[in-house]
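If you're matching positions, the sequence shown starts at 3 in our numbering and goes up one per residue.
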Amino acid sequence: RIPVELAQFLKMNRILFTDRDQSMRLVSNLEKFKIKVEQELEDSKNFQGNKKYLFEQNVKHELDLSFTLTSKIFQGSDTYTFKVDILFDVRDKSVEMWLESVELKELQDDMVEALINEQLELFRVNFQSIPIIQTI
């Protein structure tokens, strides 16, 4: 997503934010997203087997690119709060952005494991003669 698309997506889902003011600040900052990109490119060879290829890119910005959301992870589950990061990559004259949450992934993994174990326990108690093979 480009910054404006991400801003629109977050604006339409602001109910998930723990702090609505933070939501609007983030949306406003994404709508006027500004970064400074410095690139250094070096490609040299002396035709005696020595070569050097270098591409270095440094990006500077003044935005806080993390926020906190509160949401149900699965239908019927409790509500959880987790940190989300906005990551981005600069390509040519455009910026590609995406959301990533390590905390959400850990919550999902823990909940899935707990749900599977809960169901397996029902089999162990009620159907003791059935072998249970578990893979995760």
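Positions of the beta carbon are idealized from the N, C-alpha and C atoms, including for glycine.
Option nearest residue i by Cα separation, candidates the options
i, options, result
"Phe11", "Val114, Gln110, Ile75, Met99", "Met99"
"Lys2", "Phe76, Leu18, Ser46", "In the structure as shown, the chain begins at 3 and stops at 138. Residue 2 is therefore absent and cannot be evaluated."
"Asp87", "Glu42, Leu101, Ser96, Asp80", "Leu101"
"Val114", "Phe125, Ser79, Val97, Asp91", "Ser79"
Cα-Cα separation, residue i to residue j
i, j, result
"Thr20", "Thr83", "8 Å"
"Leu8", "Asn31", "11 Å"
"Leu89", "Leu67", "7 Å"
"Gln59", "Asn119", "47 Å"
"Ile37", "Asp94", "13 Å"
"Leu122", "Glu105", "26 Å"
"Leu65", "Phe35", "8 Å"
"Phe69", "Arg16", "12 Å"
"Lys47", "Asp23", "54 Å"
"Arg27", "His63", "15 Å"
Sub-9 Å separation of residue i and residue j beta-carbons
i, j, result
"Ser103", "Lys85", "yes"
"Lys54", "Glu44", "yes"
"Leu18", "Leu71", "yes"
"Val97", "Ile4", "yes"
Exposure of residue i, with buried meaning 16 or more beta-carbon neighbours within 10 Å
i, result
"Val29", "buried"
"Ser25", "buried"
"Pro133", "exposed"
8 Å contact criterion, which residue i and residue j should meet: CB distance rounded
i, j, result
"Val6", "Glu33", "6 Å"
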